[in-house]
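Take 212 as the starting number for the sequence shown in my numbering and just add one per residue. Even glycine gets a Cβ: it sits at the ideal position worked out from N, Cα and C. None of the values given here were measured: they were computed from a predicted structure. Read the structure below first, then the notes.
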Amino acid sequence: MHQRKHLVFSSVFFAFLLQVLLVSAFNNVTFDFPYFFDLRNLTLLGDSHLRNGVIGLTRELGVPSSSAGSVIYNNPVSFFDKESNTTASFATRFSFSINNMNPTSFGDGFVFFISPDNQTLGSFGGYLGLVNSSHLIKNKFVAIEFDTRLDTRFNDPDENHVGLDIDSLNSIRTADPTSIGIDLKSGNLITAWVDYKHDSRVLRVFLSYSSFKPEQPILSVDIDLSGYLGESMYVGFSGSTEGSTELHWIESWKFGTIGFLPVKPRSHPHNVSDSSVNLMPNIPVSNSTNRHRKRLGLGLGIAGPAFFCVFLVAFGYFSAKKWQSSRTEKNIKAEMILNGEAEPMAVPKTKPTLTFSSGLSLTVEDIVSDYNWAPRSIRDCVRN
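So this is what it looks like as structure tokens:
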């Protein structure tokens with residue numbers, strides 16, 4: 212029974228190791244800021260600031276004024292992979308609050324955005340710190356706006372709405388949070404979830420006063436974002452106010468992409484002049500050769516984990532067979548001794564052994580002699 216537990220532990224451990232290796236091979240991005248105690252991996256632009264673990268997008272003023280600011284994650288995020296022609300899905304969750312020192316003075320709101328630009332700060336007022344008012348046609352972004360002022364320039368439906376914006380603040384579609392009992396300007400902490408599933412080509416936005424995600428989205432849009440999500444994009448928030456004292460606070464933020472196949476690591480040289488790089492002429496490669504290489508790469512990507520799994524199964528099978536054979540042999544000899552047919556003999560214990568090409572041999576007991584270091588979930592699996 213003890214050896215059987217060791218065998219089960221060995222199989223579970225190797226399966227766990229395989230899962231870790233496969234997950235680490237994917238070129239997906241995940242980060243989590245449960246609070247903001249410092250600005251590591253973040254860039255603040257304009258009037259945005261850090262206070263008591265919360266990021267403010269607009270200035271704290273006692274009198275109406277105009278202000279705009281943004282916070283951007285430093286590292287570019289890849290949403291598209293040329294080698295596999297794959298567009299990533301993504302999901303983000305953040306908690307925010309919008310309040311005002313003067314309730315009669317409100318506007319304008321803030322956005323969560325994805326953009327190829329991480330330098331330009333947009334204009335204040337209805338431009339939400341995202342769009343430059345003097346270069347309207349040059350703005351490229353996908354954004355979810357949380358708008359607190361009715362601005363006729365952008366065909367806003369009211370002064371309390373959520374909308375999907377692409378390259379323009381004229382929303383493709385909007386939703387009214389009051390339909391689910393949420394007032395964006397209430398000053399209460401609100402949690403938002405934004406999910407885009409590329410396989411179904413749908414984007415959804417959820418809102419709640421609690422930390423539990425609702426079953427139904429407040430905004431759902433059938434849309435293909437592959438034409439707007441590129442290889443190198445930046446994610447963040449921007450907000451603004453004009454002639455108001457409205458404050459926009461981001462209290463936590465989690466973001467992740469999913470859906471990429473394993474890809475080769477890319478090098479990103481910095482500060483290299485043209486004269487220091489040896490340029491090689493382009494060597495044309497036939498389409499048939501490219502297809503062959505892609506098929507070979509795909510085959511190796513699938514065959515590698517498959518062979519590893521076969522190895523685990525074979526190792527477990529032969530270990531169990533050897534253990535069973537040893538136990539049967541001991542029972543037969545014990546019976547012969549009892550019947551007086553043979554002298555008692557010391558039967559050496561047979562241990563399943565894994566031998567490597569370098570000459571190193573390891574038994575199952577060597578591998579799992581001390582598994583207290585293993586994750587608790589695995590130890591529980593062994594005890595059961």
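Item	Value
Residue 323 versus residue 425: straight-line alpha-carbon distance, rounded	19 Å
Short Cβ contact (8 Å threshold) for residue 300 with residue 465	no
Range of the contiguous beta strand (DSSP E) that encloses residue 243	241-244
Inter-residue spacing [alpha-carbon to alpha-carbon] between residue 467 and residue 305	12 Å
Inter-residue spacing [alpha-carbon to alpha-carbon] between residue 432 and residue 373	12 Å
For residue 419: DSSP bridge partner residues	402
Per-residue burial, residue 371 [other beta carbons within 10 Å of its own, 16 or more giving buried]	buried
Reduced DSSP secondary structure (H/G/I, E/B, other) of residue 340	coil
CB-CB length for residue 268 against residue 281, believed under 8 Å	7 Å
Proximity winner among 451, 414 and 440, relative to residue 434 (alpha-carbon distances)	414
Assigned secondary structure, residue 262 (DSSP; H/G/I helix, E/B strand, else coil)	strand
Nonlocal neighbours in the same chain, by C-beta distance under 7 Å from residue 364, ignoring five residues either side	337
Coil, strand or helix - residue 461 by DSSP	strand
Which residues DSSP lists as bridging residue 154, in chain order	No answer is possible for residue 154: the residues shown for the chain start at 212 and end at 595.
Member of 258, 271, 255 and 249 whose CA lies at the smallest distance from the CA of residue 456	271
Pair within 8 Å by beta-carbon distance, residue 430 and residue 384	yes
Environment of residue 286 [buried if 16+ CB atoms lie within 10 Å]	exposed
Cutoff 6 Å; reference residue 329; Cβ partners in own chain excluding five residues on either side	283 and 445
Top-ranked residue by Cα proximity to residue 404, from 265, 355 and 247	355
Min CB distance residue 456 to chain B below 8 Å	Note that chain B does not occur in the displayed structure, where there is just one protein chain.
Strand pairing of residue 447, partner residues [DSSP]	283 and 324
Sub-8 Å separation of residue 449 and residue 278 beta-carbons	no
For residue 333 and residue 351, the rounded distance between their alpha carbons	12 Å
Proximity winner among 459, 458, 436 and 460, relative to residue 325 (alpha-carbon distances)	436
Extent of the continuous beta strand (DSSP E) run through residue 354	353-358
In DSSP terms, what residue 361 is bridged to	Note: residue 361 sits in no beta bridge, so no partner.
Cβ-based neighbour list, residue 398, same chain, cut-off 8 Å, excluding 5 preceding and 5 following	308, 309, 310 and 311
Three-state secondary structure (DSSP) of residue 309	strand
Beta carbon of residue 319 nearer than 8 Å to that of residue 339	yes
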